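Enquirer: Take a look at the following structure, please.
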Amino acid sequence: MSAAECNGFSMATALKALKKSDPELIPLLDAFNIPDLEVKTNYFPALVRSIIYQQLSGKAAQTIAQRFKILFAGTELPGPHDVVIKDHQTLRSAGLSNSKASYIHNIAHAFLNGTIAVSYTHLRAHETRHDLVCRLLL
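Position 104 of the sequence shown, counting from 1, maps to 174 under the numbering used here, and the rest follow consecutively.
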């Protein structure tokens, strides 16, 4: 699903408006292929990534994220079921803090037991990932 299908946003329309409002940007914007935004329907990996990257430099977070993926023998972030079958210390072995390992476990359990919906379509219109994480952790 593209962002345009989700909420009426169009990257092409936004770029056209930006070029019109500031013609000096035209050479820069034309130099790159700017894809449309893609809306994901499962936000568990986005929440996990947000937790891993929180309050870390990009390089450190990238290293921990890569180690985390390796725990699950994949190149993508795991699903909730994969996370709950790993114990806390295994998650910590990737470099996660005690708190972050707990948060990720708790979110995985919430996805599996239905405390939170699996799809972005169930989020309230104004709710962001940050809002959702805060709601889950309280």
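No residue lacks a Cβ here, since even glycine has one placed at the ideal position from N, Cα and C. Just so you know, these numbers come straight off a predicted model, no measurement behind them.
Which one of LEU166, SER167 and HIS151 has the shortest CA to CA distance from PHE114?
Expert: Residue 114 sits at position 44 when you count from the first residue of the sequence shown. Per the Cα distances, HIS151.
Enquirer: What does the Cβ neighbour count give for LYS170, buried or exposed, with the cut at 16 atoms within 10 Å?
Expert: Numbered from its first residue, the sequence shown carries residue 170 at position 100. Label assigned to LYS170: buried.
Enquirer: Considering only C-alpha positions, which residue in the set LEU147, HIS179 and THR185 is nearest to ALA164?
Expert: Position 94 of the sequence shown, counting from 1, holds the residue named residue 164. Ranking the options by Cα distance to ALA164, first place goes to LEU147.
Enquirer: If you reduce the DSSP assignment to three classes, tell me which class ASN176 lands in.
Expert: Your numbering for residue 176 matches position 106 in the sequence shown. Helix, per DSSP.
Enquirer: Within its chain, find whatever has a CB closer than 7 angstroms to the CB of THR160; leave out the 5 residues flanking it on each side and keep chain order.
Expert: Reading the sequence shown from its first residue, position 90 is the one you call residue 160. Within the same chain, THR160 has close Cβ partners LEU141.
Enquirer: Short check: CB of MET81 to CB of ILE104, under 8 angstroms?
Expert: As a working mapping, residue 81 is identified with position 11 in the sequence shown. As a working mapping, residue 104 is identified with position 34 in the sequence shown. Yes. Within cutoff.
Enquirer: Between ALA101 and the ligand FAD, is there a pair consisting of the residue's CB and a ligand heavy atom that are separated by less than 7 angstroms?
Expert: Ligands in the displayed structure: none, and consequently the ligand FAD is not present.
Enquirer: For chain C, find out if any of its Cβ atoms is closer than 8 angstroms to the Cβ of LYS170; answer yes or no.
Expert: Going by chain labels, chain C is absent from the structure shown, which holds only one protein chain.
Enquirer: Grab me the residues of ALA131's own chain with a C-beta within less than 7 angstroms of its C-beta, minus the 5 sequence neighbours each way, in chain order.
Expert: Numbered from 1 along the sequence shown, position 61 holds the residue referred to as residue 131. ILE122 and TYR123.
Enquirer: Thinking just about the alpha-carbon of each residue, which of ILE177, ARG137 and LYS129 is nearest to the one in VAL154?
Expert: Within the sequence shown, residue 154 is the residue found at index 84, counting from 1. Selected option, being the one with the closest Cα: ILE177.
Enquirer: Does the Cβ-Cβ distance between LEU98 and LEU88 come in under 8 angstroms?
Expert: Taking the sequence shown and counting its residues from 1, one reaches residue 98 at position 28. Taking the sequence shown and counting its residues from 1, one reaches residue 88 at position 18. No. Outside cutoff.
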